[in-house]
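Structure first, then comments.
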Amino acid sequence: MNITNYQREFNELQENPALFDPRDFRVRKEALDFADIITKFRPENNMALIDLQMHAQELGHELRALNASIGQDFLERFRDEKPSPQKFREWLQPYTDYAQKAWGNPHYGYESLDFLLSEVLLPEPHPWPDRETEYGMVRYEPTPASVILELTERITLSDDDIFYDLGSGLGKVTTLVHLLSGARCVGVEYQSDFCAYAKEQAHSLNLKGINYLNADARHANYQDATVFFLFNPFGGAIFNTVLEHLRLEAQQRTLRICSYGSSSQPLSELPWLERIPPMNKDEATLAIFQSSA
0 MNITNYQREF NELQENPALF DPRDFRVRKE ALDFADIITK FRPENNMALI
50 DLQMHAQELG HELRALNASI GQDFLERFRD EKPSPQKFRE WLQPYTDYAQ
100 KAWGNPHYGY ESLDFLLSEV LLPEPHPWPD RETEYGMVRY EPTPASVILE
150 LTERITLSDD DIFYDLGSGL GKVTTLVHLL SGARCVGVEY QSDFCAYAKE
200 QAHSLNLKGI NYLNADARHA NYQDATVFFL FNPFGGAIFN TVLEHLRLEA
250 QQRTLRICSY GSSSQPLSEL PWLERIPPMN KDEATLAIFQ SSA
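Set out below in structure tokens:
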């Protein structure tokens, strides 16, 4: 096995000055992924590869320790200062490329902010799905944090609002919305171990304005909901059933529905929803709808 290219790329990676920049979690994530690839090769008495794997493991340990230390410092600061929504947003800004009020642009993938929040709000180990899924149920995929930065700028959440995340996973969206707006939030999650994890994290952060329902979104009670968020939580017949429930709720009061991903297009076609500008056909943009009378 010729490992020359891997050695050269690894050396370039180590020389990147951003690697140990406390704010650049994204560069460290790329480096960790590359180091993990190297360590999975079978050495087969290739001494050069064995040496490279040893250095890759050492770098991986060093970078993970740095990330954990930065995350712990951030968490301790959070617990000590209990920041207001505006102050918390200011804390997050150095870790994101999202420019305030830059609405309607695509959010592609994850950035340093997401990896920081993985240390602070969603620490490992993460649970695995514990319930069998039906056709139309989608595997868990975290929402990019920049989507929620935009969402909490574009919509005003008052004391009368209750924000529902359908398919809330480990609780990333509900936690961020609550911290960035102060709004009461409810996560609806089918997987019971995901729900238990999210509840435990909210408790550990002393976030009393968040609740989680371990429920099938088709059968949850939405009578107090005013704002919904969907990031491809389900498709097919399940999606249609949930939308019919929301349509009936919209006959009782005005609803706002926020969507990221492939669910935005079918929402755009519903006659009882009006999309709020700015608009972009790219499904990687945040789409916000309001129910019509």
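Mapping of the sequence shown onto my numbering: residues 0 to 292, in sequence order.
For each residue, glycine too, the CB sits at the ideal point set by N, CA and C.
All values derive from a computational prediction rather than experimental measurement.
Same chain, Cβ closer than 7 Å to residue i, five either side skipped, listed in chain order
| i | result |
| --- | --- |
| Leu48 | Met0, Ile2, Phe40 and Pro42 |
| Gly70 | Leu115, Glu118 and Val119 |
| Thr151 | Val176, Leu179 and Ser180 |
| Asp23 | Ala17 and Ser111 |
| Leu204 | none |
| Pro82 | Trp90 |
| Leu206 | Thr174 and His177 |
| Asn15 | Val26 |
Cβ shell of residue i (< 6 Å), same chain only, five flanking positions each side left out
| i | result |
| --- | --- |
| Ser145 | Thr95, Tyr97 and His106 |
| Thr225 | Asp160 and Ile161 |
| Gly181 | Pro84 |
| Phe9 | none |
| Gly166 | Pro232 |
| Asn279 | Gly103 |
| Phe77 | none |
| Leu156 | Ser180 and Ala182 |
| Ala55 | Ala34, Ile37 and Thr38 |
| Gly21 | Before going further, note that residue 21 is Pro rather than Gly in the sequence given. Within the same chain, Pro21 has close Cβ partners Ile69. |
Cβ pair residue i, residue j closer than 7 Å
| i | j | result |
| --- | --- | --- |
| Ser291 | Trp271 | yes |
| Arg153 | Trp90 | no |
| Ala34 | Leu65 | no |
| Ala201 | Ile209 | yes |
| Leu51 | Leu31 | no |
| Lys171 | Leu121 | yes |
| Tyr139 | Gly168 | yes |
| Val289 | Glu273 | It should be noted that the sequence gives Gln, not Val, for residue 289. Cβ distance < 7 Å, so Gln289 and Glu273 count as in contact. |
| Glu243 | Gly260 | no |
Burial state of residue i, where buried means 16 or more other Cβ atoms lie within 10 Å
| i | result |
| --- | --- |
| Ile36 | exposed |
| His60 | exposed |
| Thr293 | Outside the displayed range of the chain (0 to 292) lies residue 293, so it cannot be described from this structure. |
| His125 | exposed |
| Thr284 | buried |
| Ser68 | exposed |
| Gln250 | exposed |
| Gln190 | buried |
| Thr174 | buried |
| Ser262 | buried |
| Arg255 | buried |
| Leu229 | buried |
| Arg183 | buried |
| Glu149 | buried |
| Glu188 | buried |
| Leu247 | exposed |
Cut-off 8 Å between Cβ atoms - residues of its own chain near residue i, not counting five sequence neighbours on either side
| i | result |
| --- | --- |
| Trp127 | Asp192 |
| Lys25 | According to the sequence displayed, residue 25 carries Arg and not Lys. Correct list, in chain order: Tyr109, Glu110, Ser111 and Phe114. |
| Leu18 | Leu12, Val26, Arg27, Ala30 and Leu62 |
| Asn239 | none |
| Pro276 | Gly103 |
| Ala214 | Val187, Glu188 and Tyr189 |
Contact test: residue i Cβ vs the ligand SAM heavy atom, cutoff 6 Å
| i | result |
| --- | --- |
| Ala101 | Here there are no bound small molecules, and the ligand SAM is not part of this structure. |
At least three beta-carbon pairs within less than 8 Å, the stretch 195-202 to the stretch 132-152: When Cβ pairs closer than 8 Å are counted between the two stretches, the stretch 195-202 is seen not to touch the stretch 132-152, the count staying below three.
Give, in chain order, every unbroken run of the alpha helix (DSSP H) that is at least 4 residues long and sits entirely within the stretch 188-238. At a cut-off of 4 residues, the continuous stretches assigned as alpha helix (DSSP H) that sit fully inside the stretch 188-238 are 191-203.
Assess contact between the stretch 214-229 and the stretch 158-178, defined as three or more Cβ pairs (one per stretch) separated by less than 8 Å. Is contact present? Cβ pair count under 8 Å is three or more, so yes.
Meets three-Cβ-pair contact criterion under 8 Å: the stretch 172-179 and the stretch 232-240: The stretch 172-179 vs the stretch 232-240: no contact.
Pick out the complete beta strand (DSSP E) segments inside the stretch 243-289, 3 residues or longer, and give them in chain order. Within the stretch 243-289, the complete beta strand (DSSP E) runs of at least 3 residues are 255-259 and 272-274.
Quick one: complete beta strand (DSSP E) runs, 3+ long, within the stretch 164-189? Entirely contained in the stretch 164-189, the beta strand (DSSP E) runs reaching 3 residues are, in chain order, 183-188.
Could you give the uninterrupted runs of the alpha helix (DSSP H) lying entirely in the stretch 120-153, keeping only those of 4 residues or more? Counting whole runs of 4 or more residues, the stretch 120-153 contains the alpha helix (DSSP H) stretches 144-153.
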